[in-house]
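Those sequence lines, one after another, are chains F and H.
Everything in the first sequence is counted per my numbering, starting at 150 for the first residue and increasing by one.
Everything in the second sequence is counted per my numbering, starting at 418 for the first residue and increasing by one.
C-beta atoms are modelled at their ideal positions from N, C-alpha and C, and glycine is treated no differently.
Here the structure is laid out as structure tokens; the discussion comes afterwards.
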Amino acid sequence: DAGVIQSPRHEVTEMGQEVTLRCKPISGHNSLFWYRQTMMRGLELLIYFNNNVPIDDSGMPEDRFSAKMPNASFSTLKIQPSEPRDSAVYFCASSPGPDTDTQYFGPGTRLTVL
Amino acid sequence: DAKTTQPPSMDCAEGRAANLPCNHSTISGNEYVYWYRQIHSQGPQYIIHGLKNNETNEMASLIITEDRKSSTLILPHATLRDTAVYYCIVRLLNGSSNTGKLIFGQGTTLQVKP
């Protein structure tokens with residue numbers, strides 16, 4: 150199994166540009182999670198999906214952030230417009246189910262907004 | 418907010434056992450204790466979890482006190498590759514509005530020294 154796949158691994162963009170981060174969960178996993186990690190705030194859950202449906206998006210910082218899961222094998226996290234304070238490492242994780250199942254994390258996307 | 422308290426850092430000699438403590442004095446009866454670790458520049462990695470009994474797997478052992486207010490993660494023979502940030506997480510079960518969430522604290526930075 151290839152594990153959770155994220156792309157790109159690194160992204161550098163200018164303030165105001167749209168950024169799209171991509172995630173392919175482990176095949177057969179029904180839950181997908183997006184996290185953000187910064188030095189100041191640590192690891193934070195942004196949103197999670199169960200069976201492609203968003204269950205909890207209370208961690209999404211503001212309307213500039215949106216996430217979609219059009220099918221069981223693909224999810225995107227979009228930031229539009231991006232700001233320097235969005236600079237962080239964004240992790241995607243998947244698990245067989247949302248509750249007590251283990252979450253498997255991808256390698257992350259390091260985003261730098263200039 | 419994280420419901421756990423961990424020391425910010427610890428050292429361990431290579432080949433010796435690493436004992437990482439965690440306090441979770443407000444844990445409730447339906448909450449599990451999870452441990453993850455994050456090696457530099459990688460996504461968090463699941464280690465072990467338990468409810469009230471001690472648990473062991475190929476990576477580590479988890480000792481939970483009888484009152485469940487604290488626990489210890491034991492890496493029996495630490496290697497240099499075990500150098501990482503270790504997170505102790507209290508996780509709610511199905512049926513809660515927080516189902517599925519992993520709320521990360523600051524963790525313990527374990528430095529294994531030769």
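Buried or exposed by the 16-neighbour rule on C-beta atoms within 10 Å, applied to residue i
{"i": "residue 514/H", "result": "For residue 514/H, the predicted model reports a pLDDT of 47, less than 50, meaning its position is unreliable and no value from the coordinates is stated."}
{"i": "residue 497/H", "result": "exposed"}
{"i": "residue 506/H", "result": "buried"}
{"i": "residue 151/F", "result": "exposed"}
{"i": "residue 253/F", "result": "buried"}
{"i": "residue 258/F", "result": "buried"}
{"i": "residue 433/H", "result": "exposed"}
{"i": "residue 165/F", "result": "exposed"}
{"i": "residue 199/F", "result": "buried"}
{"i": "residue 262/F", "result": "buried"}
{"i": "residue 461/H", "result": "buried"}
{"i": "residue 430/H", "result": "exposed"}
{"i": "residue 161/F", "result": "exposed"}
{"i": "residue 499/H", "result": "buried"}
{"i": "residue 456/H", "result": "exposed"}
{"i": "residue 525/H", "result": "buried"}
{"i": "residue 190/F", "result": "exposed"}
Of the residues the options, the one placed nearest residue i, counting alpha carbons only
{"i": "residue 451/H", "options": "526/H, 496/H, 520/H", "result": "520/H"}
{"i": "residue 193/F", "options": "529/H, 530/H, 526/H, 522/H", "result": "522/H"}
{"i": "residue 229/F", "options": "174/F, 163/F, 159/F, 153/F", "result": "163/F"}
{"i": "residue 447/H", "options": "526/H, 508/H, 439/H", "result": "508/H"}
{"i": "residue 477/H", "options": "436/H, 449/H, 459/H", "result": "436/H"}
{"i": "residue 173/F", "options": "260/F, 157/F, 261/F, 238/F", "result": "157/F"}
{"i": "residue 243/F", "options": "176/F, 159/F, 167/F, 165/F", "result": "176/F"}
{"i": "residue 291/F", "options": "518/H, 425/H, 489/H, 427/H", "result": "One cannot answer for residue 291/F here, as it falls past the ends of chain F, which runs 150 to 263."}
{"i": "residue 493/H", "options": "467/H, 474/H, 531/H", "result": "474/H"}
{"i": "residue 445/H", "options": "528/H, 465/H, 421/H", "result": "421/H"}
{"i": "residue 491/H", "options": "527/H, 425/H, 531/H", "result": "527/H"}
{"i": "residue 470/H", "options": "454/H, 425/H, 489/H", "result": "489/H"}
Where residue i meets chain F, residues with beta-carbon distance less than 9 Å
{"i": "residue 519/H", "result": "182, 184, 192, 194, 242, 252"}
{"i": "residue 459/H", "result": "254, 256, 257"}
{"i": "residue 528/H", "result": "Chain F residues near residue 528/H: none, gap ~18 Å exceeds 9 Å."}
Where residue i meets chain F, residues with beta-carbon distance less than 8 Å
{"i": "residue 463/H", "result": "251, 252, 253"}
{"i": "residue 423/H", "result": "What residue 423/H touches in chain F: nothing, since even the nearest Cβ is about 12 Å away."}
The segment 473-486 of chain H touching the segment 217-236 of chain F, judged by at least three CB pairs closer than 8 Å:
no
Starting from the N-terminal side, write out each stretch of the beta strand (DSSP E) that is 3 residues or longer and does not extend beyond the segment 169-209 of chain F.
180-187, 191-199, 202-205
Counting only runs that start and end within the segment 423-482 of chain H, where is the beta strand (DSSP E) found for 3 or more residues in a row?
426-430, 435-440, 448-455, 462-467, 478-481
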